Amino acid sequence: MSDTSKDSEQPAKPSRLRDPAFRALIFQILATAAVVAFFIYIVRNTLHNMELRGISTGFDFLDRASGFAILQSLVPYSEASSYGRTFIVGLLNTILVSALGIFFATLIGFLVGVLRLSKNWLVNKLAMIYIELFRNIPLLLQILFWYFAIAFNLPSPRQSLSMGDAFFLNNRGMYLPAPQFGEGFWMTGLAIVAAIVGAILLVRWSRQRFEATGQTFPTLYVSLGLLIGLPLIVFLASGAPLHWELPELKGFNFKGGLTVIPELFALTLALSIYTAAFIAETVRSGIQAVSHGQTEAASALGLSHARTLRLVVIPQAMRVIIPPLTSQYLNLTKNSSLAVAIGYPDLVAVFSGTTLNQTGQAVEIIAITMAVYLSLSLGISLFMNWYNAKMALRER
Amino acid sequence: MTIKKITVMTATAVAGMMFMGSAQAGATFDAVKKKGFVQCGVTTGLPGFSAPDEKGNWTGIDVDTCRAVAAAMFGDATKVNFKPLNAKERFTALQSGEIDILSRNTTWTYTRDTSLGLNFAGVNYYDGQGFMVSKKLGVKSALELSGAAICIQAGTTTELNLADYFRANKMEYTAITYDTSEETIKGFEAGRCDVLTSDQSQLYGLRTKLPDPASAVVLPEVISKEPLGPVVRQGDDEWFNLVKWSLFAQLNAEELGVTSKNVDQMLKSADPSIKRLVGGEAGFGKFLGLDDKWAYYIVKQVGNYGEMFERNVGQGSPLQISRGLNALWNKGGIQYAPPVR
Ligand SMILES: N[C@@H](CCC(=O)N[C@@H](CS)C(=O)NCC(=O)O)C(=O)O
Numbered sequence: 001m002s003d004t005s006k007d008s009e010q011p012a013k014p015s016r017l018r019d020p021a022f023r024a025l026i027f028q029i030l031a032t033a034a035v036v037a038f039f040i041y042i043v044r045n046t047l048h049n050m051e052l053r054g055i056s057t058g059f060d061f062l063d064r065a066s067g068f069a070i071l072q073s074l075v076p077y078s079e080a081s082s083y084g085r086t087f088i089v090g091l092l093n094t095i096l097v098s099a100l101g102i103f104f105a106t107l108i109g110f111l112v113g114v115l116r117l118s119k120n121w122l123v124n125k126l127a128m129i130y131i132e133l134f135r136n137i138p139l140l141l142q143i144l145f146w147y148f149a150i151a152f153n154l155p156s157p158r159q160s161l162s163m164g165d166a167f168f169l170n171n172r173g174m175y176l177p178a179p180q181f182g183e184g185f186w187m188t189g190l191a192i193v194a195a196i197v198g199a200i201l202l203v204r205w206s207r208q209r210f211e212a213t214g215q216t217f218p219t220l221y222v223s224l225g226l227l228i229g230l231p232l233i234v235f236l237a238s239g240a241p242l243h244w245e246l247p248e249l250k251g252f253n254f255k256g257g258l259t260v261i262p263e264l265f266a267l268t269l270a271l272s273i274y275t276a277a278f279i280a281e282t283v284r285s286g287i288q289a290v291s292h293g294q295t296e297a298a299s300a301l302g303l304s305h306a307r308t309l310r311l312v313v314i315p316q317a318m319r320v321i322i323p324p325l326t327s328q329y330l331n332l333t334k335n336s337s338l339a340v341a342i343g344y345p346d347l348v349a350v351f352s353g354t355t356l357n358q359t360g361q362a363v364e365i366i367a368i369t370m371a372v373y374l375s376l377s378l379g380i381s382l383f384m385n386w387y388n389a390k391m392a393l394r395e396r
Numbered sequence: 397m398t399i400k401k402i403t404v405m406t407a408t409a410v411a412g413m414m415f416m417g418s419a420q421a422g423a424t425f426d427a428v429k430k431k432g433f434v435q436c437g438v439t440t441g442l443p444g445f446s447a448p449d450e451k452g453n454w455t456g457i458d459v460d461t462c463r464a465v466a467a468a469m470f471g472d473a474t475k476v477n478f479k480p481l482n483a484k485e486r487f488t489a490l491q492s493g494e495i496d497i498l499s500r501n502t503t504w505t506y507t508r509d510t511s512l513g514l515n516f517a518g519v520n521y522y523d524g525q526g527f528m529v530s531k532k533l534g535v536k537s538a539l540e541l542s543g544a545a546i547c548i549q550a551g552t553t554t555e556l557n558l559a560d561y562f563r564a565n566k567m568e569y570t571a572i573t574y575d576t577s578e579e580t581i582k583g584f585e586a587g588r589c590d591v592l593t594s595d596q597s598q599l600y601g602l603r604t605k606l607p608d609p610a611s612a613v614v615l616p617e618v619i620s621k622e623p624l625g626p627v628v629r630q631g632d633d634e635w636f637n638l639v640k641w642s643l644f645a646q647l648n649a650e651e652l653g654v655t656s657k658n659v660d661q662m663l664k665s666a667d668p669s670i671k672r673l674v675g676g677e678a679g680f681g682k683f684l685g686l687d688d689k690w691a692y693y694i695v696k697q698v699g700n701y702g703e704m705f706e707r708n709v710g711q712g713s714p715l716q717i718s719r720g721l722n723a724l725w726n727k728g729g730i731q732y733a734p735p736v737r
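Residue numbers (my numbering), protein chains in the order written: chain A, 1 to 396; chain B, 397 to 737.
Below, the structure is given as structure tokens:
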């Protein structure tokens, strides 16, 4: 007769305090309460002490006019906008440079990683030099190097390098024609969406057909044709409602058109090149982790080299690559805060830099900034975890 | 880099605020006395105001302002530790207690004085914002600057004045905002911007850092009031008084003709004002919690205000700035100190 059996002859039921599960629950509640109480105490004490020392607190400052200019903004912004707006501007600039960085770092990283495995001695060694060089020089130095290399080596606006009368390059940035969408351009937009949906359906259909019948279909060419052809036809049929605004030299600088500021260019370049070196190593190790037997089996089945890579090696390598790739994306996003060094107006430079300094509300602003980086990082992590789960080995 | 620094400082500040009881009177004064030196926040290097010389000694008018406090307190002007700060870090460093005085060409403004928990202890340099342009642009006035790209430093009054000025004159501009003066001047040198704007005195200082200082000109317009001076934390009046009167002592010394050269003879002076200043009046130092000869040490070791000015930014320096507003009130300027009595 064991202690735990529900025996009616057992007279005294053991007290609930003896129950380990119940006790654990009690302790957890107590611990949580203590932590919460501690935080409440700290926050209240901090606020009280700040008030005693005459330091203003609270979030009212977010509505006050900022009074300073920001070099690059994806949303309308002027000196009359609020401090809250500076937060949005900084945040979008951070997201922009991180997204560009992640895109290019992935591209370069995969390329170099694959080249690193090349049987060609020269290619292989060049990839190795790339990796060892860029991975081992501090990122800050690389950012400063690219920035001042650009600024010092390009001509001034009046001596700009130009292509046609549309593209200009000088030490103030790259100036491109800006698209001006006319009336009726929405039809072209609709056509683009339709073409994308069509291409996705096509891929699905061809894959199902392949699994059912083993017949292949030239998906790539057909969907490319769809993606380019359909919008083009609609665009022309609706009377080509698009013209280009050209940049023009007025006074000291170029006006009009699209500007890519050198700060954005240098920062994206440095972040991509640096992070790509790490991604390349991840990719190399991922590919090498796929056992050679798999490749041999694939060729024994008669798969071509390209097919082997696409259908056998890469899907398995991805499982090894994705987790460390995620940390590289997180690093890149956080490293983008080095922007301050060259005056790129990211969140740290604008919001926890100038705004903090002009308002003096360090505690609030740093708290918001940390929350933003945490959310960005968690967002990337969540996405990559989802992708990882999708790519994970499915036992059939 | 900077985010880390700011975060660490903020964390220290917050940690301080979290557990500290209320600030007690005299806390900084006593702490400085006990540790035996003054911790002074300066720039990362701005010629004339605070910059290390070839031998690594800090020099400049802001540096001397801190040295004067050390001289008064310890009878030894060398008992100062300098902490380089950029514009953005400076107030947090003072709030968190990392430094005892902020002496870093800091403009006295309403917001800073009232909302940061800080006090301005005086004005050691009356300045105003100006513009520097490359000579080859041929610009003669700031009003010709519409459309220009302008290099500035983050976290300064400069940023705000610039926006106001261009808006008031209906001109456009692009601001390129750097973190330190080093980058700002480099951006200007590289041609990233057409104009560099800052407090006018600092323009002369920064210009000396250009490979060819004569290639840039400072425009005549002054677009703001920039009274620069030492700052302390609120809540310690003893310390506040000491910093305030160290500067006043230098101004009074100049007014009374007491210099580092003649201060020893002045000890025997019959003039009662001079006697009170150099410590001839027994018990006068007690009010500051100091030796009677506190002001004597300042003048002997650091010099009077005029000496400090000429040595660092005036005729004895590469900046060659004339006294202008910074002349004494009875010499056509606005430097005026309450009397020592
Ligand atoms: N007086 C102004 C400007 C002060 C300021 O930081 N000026 C720059 C001039 S570019 C400077 O001194 N930088 C030196 C440094 O960052 O170390 C203020 O208090 O906001």
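From the three backbone atoms N, C-alpha and C, an ideal C-beta is built for every residue, glycine too. If you're wondering where the values come from, they're calculated on a predicted model, not measured in any experiment.
Residue environment analysis places A:R18 among the exposed positions, since fewer than 16 neighbouring C-beta atoms fall within 10 angstroms of its C-beta. A distance criterion of 7 Å places the beta-carbon of B:D595 in contact range of ligand 1, judged by its closest non-hydrogen atom. Where A:K125 is concerned, the enclosing alpha helix (DSSP H) starts and stops at W121 to N136. Per DSSP, the beta-bridge partners of B:D523 are B:E622.
Counting only residues of its own chain and dropping the five nearest sequence neighbours on each side, A:V222 has a CB closer than 7 Å to the CB of L202.
When secondary structure is reduced to three states using DSSP, B:W504 falls in the coil class, being assigned neither helix nor strand. Listed along the chain, the chain A residues whose CB falls inside 7 Å of the CB of B:E555 are F68 and T354. Straight across, the Cα-Cα distance linking B:L673 with B:D472 is about 18 Å. For B:N482, the secondary structure class from DSSP, reduced to helix, strand or coil, is coil.
B:E540 sits in a helix when the DSSP states are folded into three classes. At least 8 Å separates the beta-carbon of B:K531 from that of B:S597. Across the structure, B:S594 and A:A276 are spaced so that their CA atoms are roughly 39 Å apart. According to the DSSP secondary-structure assignment, A:K255 is paired through a beta bridge with A:E248. The Cβ atoms of B:L533 and B:D590 sit closer than 8 Å to each other.
Proximity of the beta carbon of B:A483 to ligand 1 is indicated: a heavy atom of the ligand is located closer than 7 Å. At a C-beta separation below 9 Å, A:L176 has no neighbours in chain B, since its nearest C-beta there lies roughly 17 Å away. Looking at B:T474, B:S492 and B:G685, the one whose alpha-carbon comes closest to that of A:I55 is B:S492. Not flagged as an interface residue toward chain A: B:S656, since no C-beta distance is shorter than 8 Å. A:R172 has a beta carbon lying within less than 8 Å of a beta carbon in chain B. Rounded to whole angstroms, the separation of the alpha carbons of A:L330 and B:L512 is 34 Å. Listed along the chain, the chain A residues whose CB falls inside 7 Å of the CB of B:D590 are F252.
If you check the CB distance, A:P177 and A:L246 come in under 8 Å. Rounded to whole angstroms, the separation of the alpha carbons of A:V340 and A:A367 is 19 Å. Taking C-alpha positions only, A:F39 is separated from B:W690 by approximately 47 Å. Straight through space, the alpha carbons of B:L592 and B:I546 are spaced by roughly 6 Å.
Chain order gives the chain B residues near A:F148 as K582 and A586, where near means a beta carbon separation below 8 Å. Proximity of A:P345 to chain B, defined by a Cβ-Cβ separation below 8 Å, is satisfied. Interface criterion met: the Cβ of B:Y574 is under 8 Å from a Cβ in chain A.
Looking only at B:E568, B:N557 and B:L615, the smallest Cα-Cα distance to B:V535 is reached by B:L615. Annotation: A:R64 has no Cβ neighbours in chain B at a cutoff of 7 Å; minimum Cβ distance is about 10 Å. DSSP, read as helix, strand or coil, puts B:N557 in helix. Interface annotation for the stretch 468 to 487 of chain B against chain A: A483, K484 and F487, criterion Cβ-Cβ distance under 8 Å. A:E79 has its CB no nearer than 7 Å to any heavy atom of ligand 1. If you check the C-beta of B:N515 against ligand 1, you find no heavy atom less than 7 Å away. Beta-bridge analysis with DSSP links B:C547 to B:I572 and B:L592. Of all residues in the stretch 560 to 571 of chain B, only D560, R563, Y569, T570 and A571 come within less than 8 Å of chain A when Cβ atoms are compared, listed by chain position.
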